[in-house]
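Worksheet: one structure, shown below.
Protein chains: 2
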Amino acid sequence: MRHSANYQSIENYAKIMSILTSKETDYAQWYNDLVLKGGLAENSAVRGCMVIKPYGFALWENMRDELDKRFKATGHQNAYFPIFIPKSFLSKEAAHVEGFAKECAVVTHYRLKNDPDGKGVIVDPEARLEEELIVRPTSETIIWNTYKNWIQSYRDLPLLINQWANVVRWEMRTRLFLRTAEFLWQEGHTAHATKEEAIEETEKMLDVYASFCEEYMALPVIKGVKTANERFAGAEETYCIEAMMQDGKALQAGTSHFLGQNFAKAFDVKFSDKGNKMEYVWATSWGVSTRLIGGLVMAHSDDSGLVLPPKIAPLHVVVVPIYNKDAAVKERIDAKAKELMKALQAQGIRVKYDDDDTARPGWKFAEYELKGVPVRVAIGARDLENNVAEVARRDTKEKTSYSLDGLSEALIKLLDDIQQNMYNKALNFRNEHFTEVNSWEEFETTLKTKGGFLSAHWDGTAETEEKIKELTKATIRCIPLNNKKEEGTCILTGKPSAQRVLFAQAY
Amino acid sequence: MRHSANYQSIENYAKIMSILTSKETDYAQWYNDLVLKGGLAENSAVRGCMVIKPYGFALWENMRDELDKRFKATGHQNAYFPIFIPKSFLSKEAAHVEGFAKECAVVTHYRLKNDPDGKGVIVDPEARLEEELIVRPTSETIIWNTYKNWIQSYRDLPLLINQWANVVRWEMRTRLFLRTAEFLWQEGHTAHATKEEAIEETEKMLDVYASFCEEYMALPVIKGVKTANERFAGAEETYCIEAMMQDGKALQAGTSHFLGQNFAKAFDVKFSDKGNKMEYVWATSWGVSTRLIGGLVMAHSDDSGLVLPPKIAPLHVVVVPIYNKDAAVKERIDAKAKELMKALQAQGIRVKYDDDDTARPGWKFAEYELKGVPVRVAIGARDLENNVAEVARRDTKEKTSYSLDGLSEALIKLLDDIQQNMYNKALNFRNEHFTEVNSWEEFETTLKTKGGFLSAHWDGTAETEEKIKELTKATIRCIPLNNKKEEGTCILTGKPSAQRVLFAQAY
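If you're matching them up, the sequences are chains A and B in order.
Start counting the first sequence at 0; every next residue gets the next number (numbering that gives the first Met the number 0).
Start counting the second sequence at 0; every next residue gets the next number (numbering that gives the first Met the number 0).
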C-alpha cells in the first residue's frame with residue numbers, strides 16, 4: 000500500500016478528507032467519494048471506462064484468487080478466447096442478438112495513417128474490415144463456435160472451462176464498478192451430455208458464488224431464479240444471487256445460466272452418445288465481475304471510509320507507534336512491533352508497521368479507517384510500561400487494551416470475530432429489510448419508507464412486472480429457490496398467484 | 000489436464016499422433032504441430048487471434064504467478080487501465096505514433112441495429128464515435144495521461160505499477176504464440192524523480208526477467224541493449240534479453256525500456272522536487288508476453304512432444320499402473336500409488352494417478368511424453384514383488400528402476416536434476432551456437448551452416464545494419480551488456496568498430 004499510488008501527497012489527502020460526503024446526506028455521492036478517496040478506482044479519459052487503482056485492484060486480485068481456487072476445486076480449467084467476435088456470430092442465436100448486439104464497441108478498420116492535411120493520424124479508409132468485429136460483451140458465441148471442434152463424443156464431455164477477461168458493453172450512464180463500459184469478470188462456459196447434468200452444474204456454480212460471497216465477502220445473498228423478463232439473452236433459466244445494500248437497494252451479485260441446447264443448435268455442436276446417436280450438447284454459463292467490488296463497498300462501509308472483511312482486506316493489521324520524537328522510546332516500540340509482525344506474518348496475516356515520522360498518529364488513524372484496514376494496533380511509551388497495546392477494530396470502531404503477551408493470537412481471533420460480525424451485521428440488516436407485503440398500498444409505502452426486499456404475490460405476467468417497474472422502479476429480483484408454495488393474489492392486479500416473489504429497487 | 004479439453008477423444012488422438020512432423024523435416028511445422036497437438040493453442044475464427052487452450056493457459060498461469068511474485072517482491076503493485084486509447088493520444092509522442100499507430104484495431108461505432116433489408120445486424124451509422132478509439136497496442140499513452148493526475152510532488156514518486164492485460168497489434172502474418180493479433184502480456188510502467196533511478200529500474204526489471212527465464216523456464220538469455228533501429232518507439236534506450244532456439248534462430252524474450260522524459264513531456268507530467276522546483280518525471284516500461292510460451296516450446300521440445308521444465312510444468316509426475324486386468328494386482332498397485340501421491344503432494348508436487356482402464360499403458364506413455372510431463376512412474380506386479388518402480392525422465396527419456404522406499408524424496412531430487420539438466424543443455428546449445436566471426440564470408444557461411452548468435456564488428460550505422468538485414472535476414476539482436484571493448488573493423492564495410500555486437504536471424 001503505497002501512499003503515492005493511492006492518494007498522492009499528504010497535502011492533497013488532507014484536502015480530500017475534508018470533503019467526504021456522509022452516507023445519510025447523499026448515498027450516491029458517499030459511494031462515489033469512497034471509491035475515489037479510498038483509492039479504489041477513478042474515471043478515465045475514455046468515456047465509461049475506469050482505471051482500477053492499486054488498492055482497488057488488490058481487492059479484485061484477492062477475489063479472483065479465491066474464486067479461481069473454488070472453480071478449480073470443482074473441476075474447472077481456465078482458457079482464453081479472442082476479445083473479438085465476428086459480427087455475424089452475434090446473430091446466430093436469436094435471443095442473444097437482441098440482448099447483446101446493440102450497445103457495443105465495433106471495430107471497423109485495422110489501420111491508421113498520417114493525416115495528409117495536417118498533423119496526427121486518421122483512419123485509413125482502405126483498411127476497412129470485410130466483416131466488422133465486436134469487442135466481446137460476453138463470449139458464448141465465440142466459445143461455442145470453438146467448442147464445435149472440441150466436442151465429438153460423449154468422452155469429450157463434460158467440458159468445464161472458465162475465462163478471466165475484460166468485456167465491453169456500451170453503457171450510457173456509468174458508475175464506478177457498478178456499471179462501466181469495460182469491466183473485468185470471469186465467465187464459465189460448460190458443455191454437458193444431458194440436461195440434468197447441465198442444470199446440476201448451473202446450480203452448483205450458483206452455490207459456489209453464494210458461499211464465496213457469504214464466507215469471503217461477508218455478504219449474505221438470496222439465491223433464486225429470474226423471471227423470463229430478466230433472463231440472460233439466450234438462456235432457458237437464469238439463476239442469480241441478490242445482495243442488499245445499506246440504502247435498501249438490491250444488487251445482483253452473480254448469475255448462472257442454464258442455456259439449454261440454444262448455443263449448441265446455433266453453432267451446430269453435436270456429440271455421439273454411448274449408443275452412437277448424435278445429440279446436441281447442453282450448456283451453462285456463469286459470471287461475476289468487478290461490479291462485486293461496488294457491492295462490497297456499499298454493503299459494509301461507513302462515513303469514515305471503507306470497512307473491509309478481513310478475508311479480502313489487502314492489509315489485515317496496521318501497527319502505529321506513538322512516541323513523540325523520543326528516540327529511546329521509539330527503539331523499544333520498534334522491537335515490540337517487529338516481534339508482533341513476525342508472529343503475525345508467520346500465521347499468514349498481512350501486517351504493516353507504519354512508523355513514517357512525517358505524519359502524525361491521528362492522521363494515520365484516519366487514513367487506515369478510510370482504507371478499511373480491519374485492525375489497528377497503537378503502541379506508546381505508557382503502553383509498554385503496562386505491557387499492553389491499544390487495539391481498534393474497524394467494524395465497530397471499538398478500542399480495547401490488549402496484553403502484549405499472546406497479542407498475535409488474540410489479533411488472529413479478533414480478525415475472525417470481525418469477519419463473522421460483519422456477516423451477521425449485514426445479515427441482520429438484510430433481514431430487517433425483508434418485508435412481506437400484501438397490498439399495493441403496503442408495497443408502495445414500504446418501498447418509499449424503508450426499501451429492501453419486498454416479498455409479494457405477483458400474477459406471473461410480464462405486463463404486470465413491467466407496470467410495477469414503471470410505477471415504482473422496483474423489479475422482480477428473483478423467485479427464491481425453495482420458495483414455499485403459498486397461494487395469494489397479485490398486489491397490483493388481484494389475479495391469482497402461486498407464490499411470492501422478491502421485489503426491490505436495484506443497482 | 001482433462002483429455003477432453005485438450006485433444007478430444009482417443010480415436011482422434013491416435014490419428015493425430017501418427018502425423019507428428021519431426022523437427023529435422025520441418026522445424027516450423029514441428030512447432031505448429033506441437034502447439035496444436037500438445038493442446039496449447041489453436042487459431043480462432045478471428046483472423047490472427049488464437050484460442051489459448053487449458054494446457055497452454057496453465058503454462059501462462061504458472062509464468063504469471065511466478066513473475067507477479069517477483070514484481071511484488073521488487074515493490075510493484077498491479078492496477079488496470081482502459082483497453083481503449085483515444086486516437087489523439089497516440090499522436091502525442093512523436094516516435095511512438097510512428098511505431099504503434101499504424102496496424103491497429105480501430106473502434107469507430109458504438110452500436111449495431113437490425114438490418115432493415117434482411118436478417119442479421121448492421122453497424123448503426125448514427126452511432127459513430129466523435130473520436131475513434133484504438134484497442135491498446137501498448138498502454139504508455141493512456142497510463143501517462145492518468146499519471147498526470149497522480150503525480151504532483153516528489154513524495155508521489157517512485158510510482159511502480161504493473162498491469163496484466165490483453166493487447167492488439169494487427170499483424171499480417173501470424174504464428175501461434177510467437178506473433179498473434181491479440182496476445183496476453185504484462186506491462187510495467189514506472190515513474191521516477193531522477194534519470195539515474197529510472198535507468199536503475201530499467202536494468203533491475205531486465206534482471207528480474209533474466210533470472211525468471213533462467214531459473215524458472217530453464218532458458219539461458221543474453222542481456223543487452225538494442226540499436227537505435229530496433230528501439231521501442233518512444234524509448235531512449237531499450238534493454239532486452241535474447242534466447243536461442245533449437246533451429247539457431249534468436250527469440251527476444253523480454254524488453255525493458257528507459258523512456259527518458261518523453262512521455263512526461265508528451266502528457267505534461269511534472270513534479271515539484273524537494274526544492275519546490277517543477278521537473279518532468281522520468282519513465283520506464285517493460286513487458287513480457289505469451290510469446291514466451293513459444294520460446295519455451297522451441298527451446299526444449301523434441302520429436303516426441305513437449306519437454307517442460309519441472310518448475311513450470313502443470314503436472315510434475317504421472318503414475319501409471321501396469322496390471323493387465325488383474326483386480327488383485329490393481330488393488331495393491333493402487334495402495335502403493337496413493338501412498339506415493341500423498342507423500343509427493345505434501346511436498347507441493349503436482350501428481351496424477353492415471354488408472355483409466357480404457358487406455359493402454361503404451362498409449363498413456365506417448366500421451367504424457369507429448370504433454371512434456373517431466374517424470375513418469377510405472378508400477379507393475381513384478382515391480383511390487385521387487386519393491387521397485389520404473390521411473391522415466393522426459394528430458395533424457397532415460398528409464399531407471401527406483402526402490403519404492405524413499406521414492407518420493409528421490410523423485411523430488413530427480414525433478415531438481417531435470418530442471419538443472421534442461422538449463423545446462425540449453426546453455427550448452429547456446430554456447431555451441433555462439434560464434435565470433437571476423438569476415439563477411441565467415442558471417443555468411445556461419446549463418447547458413449550453423450545459425451546461432453554471430454558476434455561481429457559493425458561500423459555503428461543504421462545503413463550497414465539495414466544492408467546486412469537485406470542480405471542475410473540477420474538483425475542485430477543486441478549489444479551485450481558489459482561487452483568487452485575490442486576495436487576491429489566492420490564485417491561488411493571494413494570501417495572501424497569499437498565493439499562486437501550480436502547478430503542472428505530471429506523470430
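Where is the CB? At the ideal position from N, CA and C, for every residue including glycine.
Item to check | Residues from the stretch 92-115 of chain A in contact with chain B, defined by Cβ distance under 8 Å | outcome: Under the 8 Å Cβ criterion, the stretch 92-115 of chain A contributes 96, 100, 101, 102, 103, 104, 105, 106, 107, 108, 109, 110, 111 and 112.
Checklist entry - Of all Cβ atoms in chain B, is any one closer than 7 Å to the Cβ of residue 79 of chain A? => result Mapped onto the first sequence, residue 79 of chain A falls at position 80. Yes, contact with chain B.
Checklist entry - In this structure, does DSSP put residue 154 of chain A in helix, strand or coil? => result Mapped onto the first sequence, residue 154 of chain A falls at position 155. Residue 154 of chain A carries a helical assignment under DSSP once its states are collapsed to helix, strand and coil.
Item to check | Bounding residues of the beta strand (DSSP E) (the contiguous stretch that carries residue 181 of chain A) | outcome: For the purposes of this step, residue 181 of chain A is taken as the residue at position 182 of the first sequence. Where residue 181 of chain A is concerned, the enclosing beta strand (DSSP E) stretches over 181-191.
Next on the checklist: Looking at residue 431 of chain A: is its Cβ nearer than 7 Å to the Cβ of residue 454 of chain A?
Outcome noted: Residue 431 of chain A sits at position 432 when you count from the first residue of the first sequence. Residue 454 of chain A sits at position 455 when you count from the first residue of the first sequence. No, the Cβ-Cβ distance between residue 431 of chain A and residue 454 of chain A is not below 7 Å.
Next on the checklist: Can you find the residues in the same chain that come closer than 8 Å, C-beta to C-beta, to residue 504 of chain B, ignoring five residues on each side of it along the sequence?
Outcome noted: By one-based count along the second sequence, residue 504 of chain B stands at place 505. 247, 248, 249, 446, 450, 471, 472, 473 and 474.
Item to check | Whole-number beta carbon distance between residue 340 of chain B and residue 298 of chain B, since they are thought to touch under 8 Å | outcome: Within the second sequence, residue 298 of chain B is the residue found at index 299, counting from 1. Within the second sequence, residue 340 of chain B is the residue found at index 341, counting from 1. 30 Å between Cβ atoms; not a contact.
Next on the checklist: Contact criterion: CB-CB distance below 7 Å. Does residue 52 of chain B meet it with respect to chain A?
Outcome noted: Numbered from its first residue, the second sequence carries residue 52 of chain B at position 53. True, the Cβ-Cβ gap to chain A drops below 7 Å.
Checklist entry - Does the beta carbon of residue 82 of chain A sit closer than 7 Å to a beta carbon anywhere in chain B? => result Residue mapping note: residue 82 of chain A aligns to position 83 of the first sequence, counting from 1. It does: the Cβ of residue 82 of chain A has a partner Cβ on chain B nearer than 7 Å.
Checklist entry - Who pairs with residue 221 of chain A in a beta bridge, going by DSSP? => result Here residue 221 of chain A refers to the residue found at position 222 of the first sequence. DSSP lists A:241 as the bridge partner or partners of residue 221 of chain A.
Next on the checklist: Please report whether the beta-carbon of residue 503 of chain A lies at a distance below 7 Å from any beta-carbon of chain B.
Outcome noted: Counting from 1 along the first sequence, the entry for residue 503 of chain A is found at position 504. For residue 503 of chain A, no CB of chain B lies under 7 Å from its own CB, so it is not counted at the interface with that chain.
Next on the checklist: According to DSSP, is residue 260 of chain B part of a helix, a strand, or is it coil?
Outcome noted: The residue given as residue 260 of chain B occupies position 261 in the second sequence. Note: residue 260 of chain B maps to coil in three-state DSSP.
Next on the checklist: If you reduce the DSSP assignment to three classes, tell me which class residue 124 of chain B lands in.
Outcome noted: Translated into positions along the second sequence, residue 124 of chain B becomes position 125. In the structure shown, residue 124 of chain B falls within a coil segment according to DSSP collapsed to helix, strand and coil.
Checklist entry - Is there at least one Cβ from chain B nearer than 7 Å to residue 364 of chain A's Cβ? => result Counting from 1 along the first sequence, the entry for residue 364 of chain A is found at position 365. Not an interface residue.
Item to check | Option in A:75, A:97 and A:223 with minimal Cα separation from residue 186 of chain A | outcome: Taking the first residue of the first sequence as position 1, residue 186 of chain A is located at position 187. Per the Cα distances, A:75.
Item to check | For residue 139 of chain B and residue 284 of chain B, believed in contact at Cβ under 8 Å, the rounded distance | outcome: Counting from 1 along the second sequence, the entry for residue 284 of chain B is found at position 285. Counting from 1 along the second sequence, the entry for residue 139 of chain B is found at position 140. Residue 284 of chain B to residue 139 of chain B, Cβ: 6 Å. Contact.
Item to check | Straight-line Cα distance separating residue 210 of chain A from residue 329 of chain B | outcome: Here residue 329 of chain B corresponds to residue number 330 of the second sequence, with the count starting at 1. Here residue 210 of chain A corresponds to residue number 211 of the first sequence, with the count starting at 1. Taking the straight line joining both Cα atoms gives about 39 Å.
Checklist entry - How big is the Cα-Cα spacing for residue 489 of chain B and residue 478 of chain B? => result For the purposes of this step, residue 489 of chain B is taken as the residue at position 490 of the second sequence. For the purposes of this step, residue 478 of chain B is taken as the residue at position 479 of the second sequence. Cα to Cα, residue 489 of chain B sits roughly 14 Å from residue 478 of chain B.
Item to check | Cutoff 7 Å; reference residue 227 of chain B; Cβ partners in own chain excluding five residues on either side | outcome: Counting from 1 along the second sequence, the entry for residue 227 of chain B is found at position 228. The residues are 461.
Checklist entry - Does residue 274 of chain B get closer than 7 Å to chain A when you measure Cβ to Cβ? => result Indexing the second sequence from 1 puts residue 274 of chain B at position 275. It does not: the Cβ of residue 274 of chain B has no partner Cβ on chain A nearer than 7 Å.
Next on the checklist: With a threshold of 8 Å, are at least 3 pairs of Cβ atoms found where one atom belongs to the stretch 233-243 of chain B and the other to the stretch 116-130 of chain B?
Outcome noted: Not touching, per the Cβ criterion.
Item to check | Assigned exposure category for residue 423 of chain A - 16 Cβ within 10 Å defines buried | outcome: Translated into positions along the first sequence, residue 423 of chain A becomes position 424. Sixteen is the threshold: since fewer than 16 other Cβ atoms of the shown chains lie within 10 Å of the Cβ of residue 423 of chain A, the residue is exposed.
Next on the checklist: For a cutoff of 7 Å on Cβ pairs, would you count residue 433 of chain A as touching chain B?
Outcome noted: Within the first sequence, numbered from 1, the residue matching residue 433 of chain A stands at position 434. Contacts with chain B at 7 Å (Cβ-Cβ) do not include residue 433 of chain A.
Checklist entry - Distance, Cα to Cα, residue 364 of chain A vs residue 220 of chain B? => result Locating residue 364 of chain A in the first sequence gives position 365, counting from the first residue. Locating residue 220 of chain B in the second sequence gives position 221, counting from the first residue. Linking residue 364 of chain A to residue 220 of chain B through their CA atoms gives a straight-line distance of about 48 Å.
Item to check | Whole-angstrom distance between residue 50 of chain B and residue 42 of chain B, CA atom to CA atom | outcome: As a working note, residue 42 of chain B is residue 43 in the second sequence. As a working note, residue 50 of chain B is residue 51 in the second sequence. Cα-Cα distance, rounded: 6 Å.
Checklist entry - Where does residue 195 of chain A land, buried or exposed, given buried means 16+ other C-beta within 10 angstroms? => result Taking the first residue of the first sequence as position 1, residue 195 of chain A is located at position 196. Exposed, since its Cβ has fewer than 16 Cβ neighbours within 10 Å.
Next on the checklist: Please list, in chain order, the residues of the stretch 368-384 of chain B that have any C-beta partner in chain A closer than 8 Å.
Outcome noted: Cβ contacts with chain A come from no residue of the stretch 368-384 of chain B.
Checklist entry - Grouping DSSP H, G and I as helix and E and B as strand, with all else coil, what is residue 308 of chain B? => result The sequence position of residue 308 of chain B within the second sequence is 309, counting from 1. Three-state result, residue 308 of chain B: coil.
Checklist entry - So which residues of chain B does residue 427 of chain A contact, with C-beta pairs closer than 9 Å? => result Along the first sequence, read from residue 1 onward, the residue named residue 427 of chain A stands at position 428. Near residue 427 of chain A there are no residues of chain B at all, since even the closest Cβ is about 34 Å away, more than 9 Å.
Checklist entry - Are any of the Cβ atoms in chain A nearer than 7 Å to that of residue 184 of chain B? => result Working through the second sequence from its first residue, we reach residue 184 of chain B at position 185. Against chain A, the CB of residue 184 of chain B has no partner CB under 7 Å away; the residue lies outside that interface.
Next on the checklist: Alpha carbons only, please: which of B:416, B:177, B:223 and B:102 is nearest the one belonging to residue 167 of chain B?
Outcome noted: Taking the first residue of the second sequence as 1, we reach residue 167 of chain B at position 168. For residue 167 of chain B, the nearest C-alpha among the options comes from B:102.
Item to check | Distance between residue 400 of chain B and residue 387 of chain B (C-alpha atoms, nearest Å) | outcome: Within the second sequence, residue 387 of chain B is the residue found at index 388, counting from 1. Within the second sequence, residue 400 of chain B is the residue found at index 401, counting from 1. Here the alpha carbons of residue 400 of chain B and residue 387 of chain B stand approximately 6 Å from one another.
Checklist entry - So, does the CB of residue 437 of chain A fall closer than 7 Å to a CB anywhere in chain B? => result Along the first sequence, one-based indexing puts residue 437 of chain A at 438. Answer no: the Cβ-Cβ gap between residue 437 of chain A and chain B never drops below 7 Å.
Checklist entry - By how many angstroms is the C-alpha of residue 355 of chain B removed from the C-alpha of residue 310 of chain B? => result In the second sequence, counting from the first residue as 1, residue 310 of chain B sits at position 311. In the second sequence, counting from the first residue as 1, residue 355 of chain B sits at position 356. Near 26 Å, if we compare the C-alpha coordinates of residue 355 of chain B and residue 310 of chain B.
Checklist entry - From the beta carbon of residue 43 of chain B, is the nearest beta carbon of chain A less than 7 Å away? => result Along the second sequence, one-based indexing puts residue 43 of chain B at 44. Yes - at least one Cβ of chain A is within 7 Å of the one on residue 43 of chain B.
Checklist entry - Counting along the chain, where does the beta strand (DSSP E) carrying residue 351 of chain B start and finish? => result Against the second sequence, residue 351 of chain B aligns to sequence position 352. Bounds of the beta strand (DSSP E) holding residue 351 of chain B are 350-352.
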